[in-house]
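Just below is one structure, and these are the notes that go with it.
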Amino acid sequence: MNPLETYLKEMRDIRSTGAAVAETSFYPPLSGLLNEIGKALKPKVRCVMTIANRGAGLPDGGLFNANQLKKDVANPMQGQLPERGAVEAKGLAEDVCKIARSSQVKKYSARYGLVLVTNFRDFVLVGADAQGNPFPMESYTLAETESEFWLAASHPQKTAEAAVLKHWRKRSVSSHLR
0 MNPLETYLKE MRDIRSTGAA VAETSFYPPL SGLLNEIGKA LKPKVRCVMT
50 IANRGAGLPD GGLFNANQLK KDVANPMQGQ LPERGAVEAK GLAEDVCKIA
100 RSSQVKKYSA RYGLVLVTNF RDFVLVGADA QGNPFPMESY TLAETESEFW
150 LAASHPQKTA EAAVLKHWRK RSVSSHLR
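So the sequence shown is numbered by numbering that gives the first Met the number 0: it starts at 0 and just counts up by one.
Right under this line is the structure:
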């Protein structure tokens, strides 16, 4: 199954219980999506949700390079920062651009360099300039609104196929413009 299809299905299933909390209930599907994407990167990247405070508060997650994962679990590496940045997630109704401009994300971008900011339907990669101010680098939107997202999640296969086609078309057009 396509990682996006799996993500949408898991999001839908969690919401369908009627017991979900706006943010933390959806951490498992987010982590799963990021880990599936991370497997294709070089070096591979692993998402770990709810990481320890490393001087900037408690980000919702961290993105660790494969070389940061120690096979000897009896003696884990202590105090390391996630090399690929932090993750900050808020509920689906939240405005991802507003989150990206928050003081919380400013602290994270200054400490971790990169922050993947999401409301589970919008994703913005935020970097830090030389003065430590956050700035958006890249973004991806699955759905413009929360209601559009839940409609898309009710048809995970169809939505995932359409997203892949949209991405392919976007890349094809941009590659011809170079």
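Glycine included, C-beta positions come from ideal geometry on N, C-alpha and C.
Note to self: How far does the beta strand (DSSP E) with M10 in it extend, from its first residue to its last?
What the structure shows: Here M10 belongs to no beta strand (DSSP E); instead the alpha helix (DSSP H) covers P2 to S15.
Next item on the list: Write down every uninterrupted run of the alpha helix (DSSP H) in the segment 113-155 whose length is 4 residues or greater and which is fully enclosed by it, in chain order.
Entry: 145-152
Check: Can you check whether the CB of E35 is closer than 7 angstroms to the CB of P81?
Finding: no
Checklist line | Element boundaries [alpha helix (DSSP H), containing G31] | finding: Y26 to K38
Check: Of the residues N118, Q130, E137 and A92, which one's Cα is nearest the Cα of R110?
Finding: Q130
Item checked: Three-state secondary structure assigned by DSSP to V44 -> strand
Margin query: Considering Cα atoms alone, identify which of E87, V104 and E147 is closest to E22.
Written below: Minimum Cα distance to E22 is reached at E87.
Checklist line | 7 angstroms Cβ cutoff met for A127 and P133 | finding: yes
Check: Looking only at C-alpha atoms, which of G37, E145 and P42 sits nearest to E93?
Finding: E145
Next item on the list: Classify V20 as helix, strand or coil using the three-state DSSP reduction.
Entry: Coil.
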